[in-house]
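Here the structure is laid out as structure tokens; the discussion comes afterwards.
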């Protein structure tokens with residue numbers, strides 16, 4: 064289908080809205096009626112037609128507006144994009160991966176013409192038509208990572224692999240769930256995960272690191288992660304907490320359905336061939352409670368998950384104070400009926416009404 | 647499926663370089679381009695030898711930017727289990743092979759201000775790709791390459807012709823050896839050290855570097871072990887409920903694969919850790935040969951790396 068790109072905002076007047084198409088393909092992150100951490104990785108090799116898993120880098124109706132929001136964040140705070148000097152080759156790796164993937168997966172939107180190292184990149188939605196020399200930084204207006212991630216939805220972290228560890232040595236981070244690239248830059252896998260409760264005791268990180276170190280060329284992986292955000296804000300950074308943290312206090316029983324968003328990250332992992340680094344795209348999808356309740360299975364399940372979530376996790380994810388109000392709202396949509404396994408809406412197999 | 651993703655290819659050229667070493671060049675059968683790779687990466691080549699599927703890792707030595715073909719250079723080992731002999735004696739131009747996507751367990755640390763490379767014999771191969779990668783990015787490198795004699799100096803002439811100022815050759819038969827202590831002592835701050843060659847050479851260089859206070863994270867080496875033959879033994883695979891006899895000339899991993907059990911692997915040389923397997927029960931002696939397990943893992947009798955390690959005893963039950 065042709066994507067109808069929206070003109071909307073993720074700040075101030077918050078005109079962001081999901082179409083019905085976007086709601087039905089929303090990556091609902093709970094495959095059962097409860098939630099606990101796990102190393103829930105699977106291969107990133109496509110998925111059902113139209114789903115967010117189908118393409119290597121999903122493009123949706125929010126593309127143009129998300130890219131505008133990113134450029135505004137960068138204008139205010141250039142440190143959201145950083146690349147240590149040894150990561151330039153990995154930046155070219157990422158540019159190559161995204162340009163090839165998007166031009167193959169969306170030939171009507173993106174074109175890449177290559178003649179040796181003379182490349183021409185056409186991004187129709189953003190009206191870019193640019194010729195440059197591959198691996199020659201001087202022929203791009205930004206570094207290669209910044210250039211391509213100003214044109215690609217989702218945050219990007221590039222991890223250098225050495226000493227049997229991963230090091231956060233480059234990234235473009237403007238749509239993050241309350242963490243800071245500027246703070247984490249140069250840290251290793253255990254250092255940047257230090258604030259996460261419970262997972263260390265469970266041995267999650269040791270196993271996850273082992274898995275990530277072994278991700279091979281041609282075999283990308285993916286998982287979902289989630290949190291809660293009041294208002295459709297992409298930039299929930301610690302740097303701007305003074306602006307968005309207070310908005311959590313504006314929730315009331317009347318507006319919770321439209322103001323409370325489930326924030327889901329599609330996290331993917333690709334081995335980069337020329338640098339042997341690992342790129343970690345973190346793509347954020349937002350859906351309001353009202354959006355989610357249009358799928359009865361998700362209404363039942365979200366209520367049960369939020370109700371039974373351990374207190375430390377609700378605190379870490381930042382919604383412990385609003386949980387009672389969320390449950391008042393969500394319980395209206397839980398009729399106690401069973402839910403099917405897996406994350407899909409399963410509208411055709413809804414249990415019969417009483 | 648285990649191992650890295652696979653690529654169907656055929657042998658496009660075979661070039662004998664000297665009495666021991668032959669280069670094999672490959673092109674894809676589907677007409678597509680090969681993936682690029684980083685210098686130091688290896689590929690696992692899969693060869694049908696009658697009923698046996700041989701899977702041998704070799705460093706990619708071609709230009710990492712060249713997507714039209716991959717090349718490996720193989721030293722004939724007359725003592726081993728026949729992997730390299732099979733390539734030398736049986737593989738012809740036009741034969742089909744399966745190559746894995748590149749896997750790099752010996753990559754350059756791109757933070758280095760200078761890359762100091764120490765090669766012994768066929769250990770030159772990963773450096774050939776790394777040198778091509780570094781030349782393109784104007785990297786600072788220096789190679790010290792020790793060979794047995796002039797006639798066995800694989801790629802010596804090419805290297806000397808292209809990089810006369812950065813390459814130093816040492817001939818054993820002329821009693822010409824690398825003066826490692828002085829070499830290491832004179833390096834600028836920010837130098838990283840890379841060693842690929844026989845075990846004795848790796849141990850010697852690593853040891854000297856440590857004595858001189860080189861930080862561990864600046865010392866990189868790659869030693870692929872070839873599985874060694876050994877006494878036949880029997881293993882029970884608990885998860886797949888099979889009893890497998892491991893022959894004298896096959897590895898435990900190969901025997902498991904022969905029985906149709908899908909076991910994880912990457913390097914098949916005791917280095918990457920991917921094939922680590924839990925031991926459920928054992929009555930006998932483990933013959934651990936890998937570089938992966940810590941000493942206490944080895945002595946615990948709870949873990950084995952089936953790509954290179956063996957067992958000598960009555961009972962062995964694995965969680966596989």
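Chains as they are written, first to last, in our numbering: chain D, 64 to 417; chain A, 647 to 966.
All C-beta atoms in this analysis are idealised placements derived from N, C-alpha and C, irrespective of residue type, glycine included.
message: If I follow the unbroken beta strand (DSSP E) through residue 656 of chain A, where does it start and stop?
response: 652 to 662
- prompt: So residue 345 of chain D packs on residue 392 of chain D, CB below 8 angstroms; how close in whole Å?
  reply: About 28 angstroms separates the beta carbon of residue 345 of chain D from that of residue 392 of chain D, a gap too long to meet the 8 angstroms contact definition.
message: Taking its Cβ as the centre, do 16 or more other Cβ atoms sit within 10 Å of residue 647 of chain A, making it buried, or is it exposed?
response: Note that residue 647 of chain A scores 47 on pLDDT, short of 50, meaning its location in the model is unreliable; the coordinates nonetheless yield the value given after this. Its Cβ having fewer than 16 others within 10 Å, residue 647 of chain A is exposed.
- request: Let me know the secondary structure DSSP gives residue 872 of chain A once reduced to three states.
  value: coil
- request: Output the distance between the C-alpha atoms of residue 658 of chain A and residue 721 of chain A, rounded to the nearest integer angstrom.
  value: 19 angstroms
query: In whole angstroms, what separates the C-alpha of residue 247 of chain D from that of residue 231 of chain D?
result: 7 angstroms
Inter-stretch contact at 8 angstroms, needing at least 3 Cβ pairs: the segment 102 to 115 of chain D / the segment 132 to 149 of chain D: With a cut-off of 8 angstroms on Cβ pairs, the segment 102 to 115 of chain D is not in contact with the segment 132 to 149 of chain D, counting fewer than three such pairs.
message: If I measure Cβ to Cβ from residue 715 of chain A and keep anything under 8 angstroms in the same chain, skipping five residues before and after, which residues do I get?
response: 658, 671, 672, 673, 680, 708
- request: Let me know if residue 739 of chain A comes out buried or exposed under the rule of 16 or more other beta-carbons within 10 Å of its beta-carbon.
  value: exposed
task: Note the first and the last residue of the continuous alpha helix (DSSP H) segment covering residue 169 of chain D.
output: No alpha helix (DSSP H) holds residue 169 of chain D; DSSP gives it neither H nor E.
field: Collapsed DSSP secondary structure at residue 777 of chain A in the structure displayed
entry: helix
field: residue 792 of chain A vs residue 818 of chain A beta-carbon contact at 8 angstroms
entry: Cβ atoms of residue 792 of chain A and residue 818 of chain A: closer than 8 angstroms.
- prompt: What is the residue span of the beta strand (DSSP E) that residue 365 of chain D lies within?
  reply: That residue, residue 365 of chain D, is in no beta strand (DSSP E); its alpha helix (DSSP H) goes 359 to 371.
message: Here's the rule: buried if 16 or more other CB atoms are within 10 angstroms of the residue's CB, otherwise exposed. What is residue 415 of chain D?
response: In summary, residue 415 of chain D is exposed, with fewer than 16 beta-carbon neighbours lying within 10 Å of its beta-carbon over all protein chains present.
field: Integer Cβ distance of residue 934 of chain A from residue 944 of chain A, believed to fall under 8 angstroms
entry: Yes, they are in contact, since the Cβ atoms of residue 934 of chain A and residue 944 of chain A sit about 5 angstroms apart, within 8 angstroms.
- request: Could you tell me if the beta carbon of residue 285 of chain D falls within a distance shorter than 7 angstroms of some heavy atom in the ligand HEM?
  value: The ligand HEM is not part of this structure, which contains no ligands at all.
query: Nearest to residue 300 of chain D by CA position, among D:333, D:133, D:78, is which residue?
result: D:133
message: Going by the DSSP bridge assignment, what does residue 842 of chain A pair with across the sheet?
response: A:765, A:868
field: Status (buried if at least 16 other CB within 10 Å, exposed otherwise) for residue 186 of chain D
entry: buried
query: How about the segment 689 to 696 of chain A and the segment 406 to 413 of chain D: do they share at least three Cβ pairs that are nearer than 8 angstroms?
result: no
query: Does any residue of chain A bring its CB to less than 8 angstroms from the CB of residue 294 of chain D?
result: For residue 294 of chain D, the answer is no, since every Cβ of chain A falls outside 8 angstroms of its Cβ.
task: Name the one or two DSSP bridge partners that residue 231 of chain D has.
output: Paired residue(s): D:222.
- request: Scan the segment 743 to 767 of chain A for residues whose Cβ lies nearer than 7 angstroms to a Cβ of chain D and list them as they occur along the chain.
  value: Taking 7 angstroms as the upper bound on Cβ-Cβ separation, chain D lies near residues 747, 748, 749, 750, 753, 755, 756, 757 of the segment 743 to 767 of chain A.
message: Measuring only the C-alpha atoms, how far is residue 363 of chain D from residue 84 of chain D?
response: 21 angstroms
task: Starting from residue 683 of chain A, find everything on chain D with Cβ-Cβ shorter than 8 angstroms and list it in chain order.
output: Residues of chain D passing the Cβ test: 280, 336, 337.
query: Is residue 702 of chain A near residue 677 of chain A, with beta carbons less than 8 angstroms apart?
result: It is not a contact, given that the beta carbons lie outside the stated cut-off.
- prompt: Does the beta carbon of residue 710 of chain A sit closer than 8 angstroms to a beta carbon anywhere in chain D?
  reply: Output row for residue 710 of chain A: interface = yes.
field: Beta-bridge pairing of residue 929 of chain A - partner residues as DSSP gives them
entry: A:961
message: Three Cβ pairs or more, each shorter than 8 angstroms: is that satisfied between the segment 81 to 101 of chain D and the segment 307 to 318 of chain D?
response: no
- request: Below 9 angstroms between beta carbons is the criterion; list the residues of the segment 804 to 826 of chain A that meet it against any residue of chain D, in chain order.
  value: none
- prompt: Given that residue 797 of chain A touches chain D, what residues does it touch there, using C-beta distances under 9 angstroms?
  reply: Those within 9 angstroms of residue 797 of chain A in chain D number zero; the least Cβ separation is about 35 angstroms.
query: Do the segment 175 to 195 of chain D and the segment 799 to 810 of chain A touch if we need at least three Cβ pairs shorter than 8 angstroms?
result: no
message: For residue 144 of chain D, list the residues DSSP reports as bridge partners.
response: D:235
query: CA-CA distance, residue 651 of chain A and residue 79 of chain D?
result: Looking at the two C-alpha atoms, the distance is approximately 40 angstroms.
task: Kindly identify the DSSP beta-bridge partner or partners of residue 94 of chain D.
output: Beta-bridge pairing links residue 94 of chain D to no other residue.
C-alpha distance - residue 228 of chain D paired with residue 268 of chain D, whole-angstrom precision: 11 angstroms
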